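Take a look at the structure below.
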């Protein structure tokens, strides 16, 4: 089984992939971007993919949602919650007071904003925390540091100057596991679907939600994304966290479709965590 994830080596995506598929005979394929992970599944180059969907502090990763919506044969089959601990990675003999710049990716900077402010350092963006750590090592500089997972220290021969520097100790990122397997009627804890209204009018979202509420479909997550058809038109991505039966879901689909709305099931799945 081939599994795609966002590389390079040492990322949180790699950690999530290893933990989720650890007990399976998986051959991992590193990708350069989140869209490439979804694309690899959609184009039959791998069997499954794992990609970050939402961080507790950063919010929804729209790139993942948009990529998923681009492939109608790609479905969510699982979810994994990964605790995210951030660490200050430096070259040997670097002192905290000498650090002028921290290198990493914008989501990590968001998750450690207060720490960086107290450090008084400038943020420099990289395409991954792994590449930031590698460049810190290659530079040999003692006035810069990378922020990322602890395993990057061993991977690139760096030292952990300070640990658990995220602003919130319960920081988590949730990942979705995607494949081309057909969605079945099996009972699952979560269901995600996307609704594109037939037209824009005041109260359209409220009307849709009233229908779901009448069917006792409990929603835990709602996002909107542009339809790319016309400025100001949106589709809604919704997630139910209750045991919503396939029969109830089909009722909702029938009613919403009759009213002219477009509805697509994105996945039915259970959640796992460390």
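Residue numbers (this note's numbering): 871 to 1144. Every residue gets a Cβ at the ideal spot worked out from N, C-alpha and C, and that includes glycine. Quantities reported herein were computed from a predicted structural model and do not represent experimental measurements.
Rounded to whole angstroms, the separation of the alpha carbons of residue 1061 and residue 1053 is 10 Å. Only residues of its own chain outside the window of five on either side were considered, and among them 1116 have a CB closer than 6 Å to the CB of residue 1055, listed in chain order.
With respect to the 8 Å criterion, residue 916 and residue 873 are classified as neighbours on the basis of their beta carbons. Membership of residue 1015 in the beta strand (DSSP E) is indicated by the continuous run 1014-1018. Taking C-beta atoms as the reference points, residue 1044 and residue 924 count as a pair closer than 8 Å. When rounded, the separation of the alpha-carbon atoms in residue 1089 and residue 1003 is 39 Å. DSSP assignment within the region 1018-1061 yields the following whole beta strand (DSSP E) runs of 3 residues or more, N-terminal first: 1029-1032, 1042-1049. Around the beta carbon of residue 877, 16 or more other beta carbons sit within 10 angstroms, so the residue counts as buried. In the three-state reduction of the DSSP assignment, residue 1122 falls in the helix class, which pools H, G and I. DSSP places residue 1080 outside any beta strand (DSSP E); the residue lies instead in the alpha helix (DSSP H), whose first and last residues are 1074-1084. At a Cβ-Cβ threshold of 8 Å, residue 1139 and residue 908 do not count as neighbours. Secondary structure at residue 995: strand, using DSSP grouped into helix, strand and coil.
Look at residue 919 here: in three-state DSSP terms it is strand. Shown here, residue 1002 sits in a helix according to DSSP, grouped into three states. For residue 984, the secondary structure class from DSSP, reduced to helix, strand or coil, is helix. Between the C-alpha atoms of residue 1134 and residue 1065 there is a straight-line separation of about 7 Å.
The alpha helix (DSSP H) runs lying completely inside the region 882-906 and spanning 4 residues or more are 882-890, given in chain order. Within a 10 Å sphere around the beta-carbon of residue 1026 sit 16 or more other beta-carbons, which makes this residue buried.
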